[in-house]
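Below is one structure; the comments refer to it alone.
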Amino acid sequence: MEVLPRDTLNYGSNVPLEERRLLDGRSPVERRQDKFLALRKKVHNFMEDPSSSTGAFVMSICSISLIFLSSLTCCLETIPSLNRHGYPSDAFFWNELDAIISILFSMELALRMFSTPETMFTFVTDKMNVVEALSVLPFWLHLFVANAHLNVKFLRAFRLVRVFRIFKFAEGSMQVRLITVAVKETKHSMRLLGVILTLGVFVFAALIWYVERGVWRDTSGCYKRPEAESEGCSLFQSIPDCFYWAVTTMTTVGYGDMTPLGMTGRCVSSAAMIGGILVIAMPVSVLGTQFQESYLAEMDHQLLSKFYKPALPHEAAELDGNKLESLRYELNDVKALLEEILPEVREILRESQVVPAPDTPNLSPGSQQTLREYDQLRAGSMMRIFDSIESTVSEELATLIMIVDDFANELAESQHSASATNSSSHFTAPLDVSIPPGVVMGPEGL
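So in full-length UniProt numbering, spot 191 of the sequence shown is number 191, and the numbers just go up one at a time.
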């Protein structure tokens, strides 16, 4: 019996089940595998794509609310009047709440791991997945280790990892993504900033220690500054102690907890401030420029994404031929409208040139002639401005139409190639990419 492509079978028809199975050409094992893959795709859409269904949207809202609740819990349980130090009886409440949140996060992570289209290694090594796994690690470690009657004091340090759940808020944030891209693009400038700042901190810390450490006192076992002998030991006891002062001074923060008293020390501080401004300003300006470029590129991407078919986060997006064709029709309509309107506007401007200026009896003949020349000059300037605008608009529109036509041609060729490649397969039906009659595909049709 001839095996027909799957897409040609209408499973909603009255064809008997056994006959449909024969026509399908799949074995029971293949059908079970297809059902399993379909289930994974549904779960993936439900967990990753809020726009796929109402349930997926509700799931995304619940996930965000759970992240917020977890972060709020981490903050509230540190308040003395609410934690186990103020009210020991509340320790059970916080532990139970943390258990519920950790179990829900674990279930979400397990479902995402089950339905991911990526390889398991890629999923496990993803930064946000690592953060999510670390956020639930304290609960499960405490659960298993406590049941084993072992010392669990070391697990208190792992509870700090829960604060990393807040990073899931930024997972889909465009602003955070732009900052990340900008920093990656300026990594060489940031590396240069780190090297120069490290050298500057070391040099100025050594200088300030030399001029502000004071005099060594054996009785006190430390350096004391003569200007402040009664205040105790000098704050500039060693070069490593001065690193903190150098960082706060070069970054122009200046907490004021370590201040030079002598004139030489103040000169060193002034030089550190000026040097810090010069060192930080240049790489930061590069970062700002790169952020602006990344922002403009993101805006262009969002505008272009309107012409792509909806796709899952891990799937490659494809251009939507219908939207592209609609845009081309609109551009051609705009071109035809401009070709109709611009000559009329030109004619109106030309007629305004020949309209004589009204005679003003109060003006002398020379002044009236000057007024007429001014009117003619103004009309000529308006005509030149109109010519420039017309030329610019026409060129930009022609270029845009050419780009859209090239996109349409490439899309049609790729779809035809895909149809030819898949024509021998029983799993993909040919795509209909026919072009409406009368439409010329290419800039020569402008």
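Heads up, the beta-carbon is just placed ideally off N, CA and C, and yes, glycines get one too.
When you compare each of the options to residue i by their alpha carbons, which one comes out closest?
i       : options                            : result
Asp-241 : Ala-110, Asp-257, Asp-34           : Asp-257
Gly-194 : Thr-251, Arg-384, Ala-206          : Thr-251
Met-59  : Asp-405, Met-273, Val-43           : Val-43
Phe-114 : Ala-205, Leu-37, Leu-97            : Leu-37
Cys-62  : Cys-74, Lys-41, Phe-105, Leu-97    : Phe-105
Thr-399 : Val-201, Ser-269, Lys-335, Leu-39  : Lys-335
Ser-238 : Ile-401, Lys-224, His-301, Gln-302 : Lys-224
His-142 : Lys-187, Asp-34, Asn-95, Glu-231   : Asn-95
Met-299 : Leu-66, Val-268, Val-393, Gln-175  : Gln-175
Ser-135 : Glu-118, Ala-99, Leu-76, Thr-248   : Ala-99
Just to confirm before moving on: does the CB-CB distance between residue i and residue j stay below 9 Å?
i       : j       : result
Gly-254 : Val-211 : no
Leu-349 : Phe-386 : yes
Ala-246 : Ala-272 : yes
Glu-390 : Leu-331 : no
Pro-80  : Leu-192 : no
Glu-132 : Leu-111 : no
Glu-325 : Ala-408 : yes
Phe-243 : Arg-213 : no
Val-279 : Leu-197 : yes
Arg-346 : Ile-401 : no
Pro-138 : Ser-102 : yes
Phe-291 : Ala-182 : yes
Thr-249 : Ser-269 : yes
Tyr-295 : Leu-397 : no
Ends of the alpha helix (DSSP H) at residue i?
i       : result
Tyr-244 : 239 to 250
Ile-79  : Premise fails: Ile-79 is in no alpha helix (DSSP H) and is neither H nor E.
Asp-34  : 28 to 48
Gly-200 : 187 to 212
If you follow the beta strand (DSSP E) that residue i is part of, which residue opens it and which one closes it?
i       : result
Arg-217 : 215 to 217
Tyr-223 : 222 to 224
Does DSSP classify residue i as helix, strand or coil?
i       : result
Met-120 : helix
Ser-106 : helix
Ser-234 : coil
Tyr-255 : coil
Glu-2   : No answer about Glu-2 holds up, because its pLDDT of 44 lies below 50 and its placement is not dependable.
Ile-341 : helix
Pro-260 : coil
Ser-65  : helix
Asp-126 : coil
Ser-115 : helix
Ser-53  : coil
Ile-274 : helix
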